[in-house]
Amino acid sequence: MLVHQQSYSIVTVPVASVLPLRARILLDGDENASRFPCDDHDATLHLAARTSDGIVAVATICRQPFREFPPDGAWRLRGVAVEPLMQGHGVGTRLMHACIEHAQRQDARVVWCTARDSARGFYAALGFATSGTPLAIAARPDMVFHEMHLLLPGRA
1 MLVHQQSYSI VTVPVASVLP LRARILLDGD ENASRFPCDD HDATLHLAAR
51 TSDGIVAVAT ICRQPFREFP PDGAWRLRGV AVEPLMQGHG VGTRLMHACI
101 EHAQRQDARV VWCTARDSAR GFYAALGFAT SGTPLAIAAR PDMVFHEMHL
151 LLPGRA
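In terms of UniProt numbering, the sequence shown has 3 at position 3, counting the first letter as 1, and numbering is strictly consecutive.
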């Protein structure tokens, strides 16, 4: 079956289900390093794209302060990872839309992330803007990162 024809569904999963792919794609297989402080918070949402073969993409969104926004109005994307063969087929985009919709239902004003330089275009295509200068992260000194944000429409 061709990759782009493979069907998948976006489902809510426990944190244990996102860790293996998150670790393998983002942190050279280190599951301990791929755990985030927000992973076990009640408001945190873990999503996965699941095919008949298993999980092919994951994303987490959690409430986390961002700049001048009220703490409860800012949500952060964490651990977004897509199997290489599934990249470029809309799976990540569907995951992002589901995460953003969740944040909007929680009255978020902004969704933000720390994106690898290689993913900057992906987030920009979703409407995210770069916030400031490139960053270095101790866990990945071999990469350049960018803080990016998406302003959400206000509620009446």
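The beta carbon of each residue, even a glycine, is placed where N, CA and C say it ideally should be.
Chain D within 8 angstroms of residue i, Cβ atoms only
i: W75; result: Absent from the structure is chain D; it holds one protein chain and no more.
Buried versus exposed call for residue i [16 or more other C-beta atoms within 10 Å across all chains shown]
i: M96; result: buried
i: R105; result: exposed
i: T44; result: buried
i: H41; result: exposed
i: R22; result: buried
i: E101; result: exposed
i: D107; result: exposed
i: S34; result: buried
i: R67; result: exposed
i: I137; result: exposed
i: L2; result: Since pLDDT at L2 reaches only 42, below the 50 mark, its modelled position is unreliable, and no value is offered.
Residue of the options minimising C-alpha distance to residue i
i: R109; options: V56, W75, A98 and G127; result: W75
i: L135; options: L126, I61, T114 and G54; result: T114
i: H149; options: A125, W112 and I55; result: W112
i: V58; options: V15, S7 and A103; result: V15
i: T60; options: F122, V11 and T133; result: V11
i: A103; options: T93, T130, Q64 and F122; result: Q64
i: P153; options: A48, D28, G54 and G73; result: G73
i: A49; options: N32, T93 and R78; result: T93
i: A98; options: R120, A119, H146 and C62; result: C62
i: L27; options: M86, V80 and P70; result: V80
Residue i, enclosing beta strand (DSSP E) - first and last residue
i: V111; result: V110 to R116
As assigned by DSSP and simplified to three states, the class of residue i
i: P134; result: coil
i: F122; result: helix
i: P141; result: strand
i: R76; result: strand
i: R67; result: coil
i: G54; result: strand
i: H146; result: strand
i: T12; result: strand
6 angstroms Cβ shell around residue i - same chain, five flanking residues per side excluded
i: D117; result: V144
i: E83; result: V56
Span of the alpha helix (DSSP H), counted from its first residue to its last, around residue i
i: S17; result: V15 to L26
i: G154; result: Segment: none, G154 is in no alpha helix (DSSP H) and carries neither H nor E.
Contacts around residue i, its chain only, beta-carbon distance under 8 angstroms, and the 5 residues preceding and following it disregarded
i: D30; result: A23
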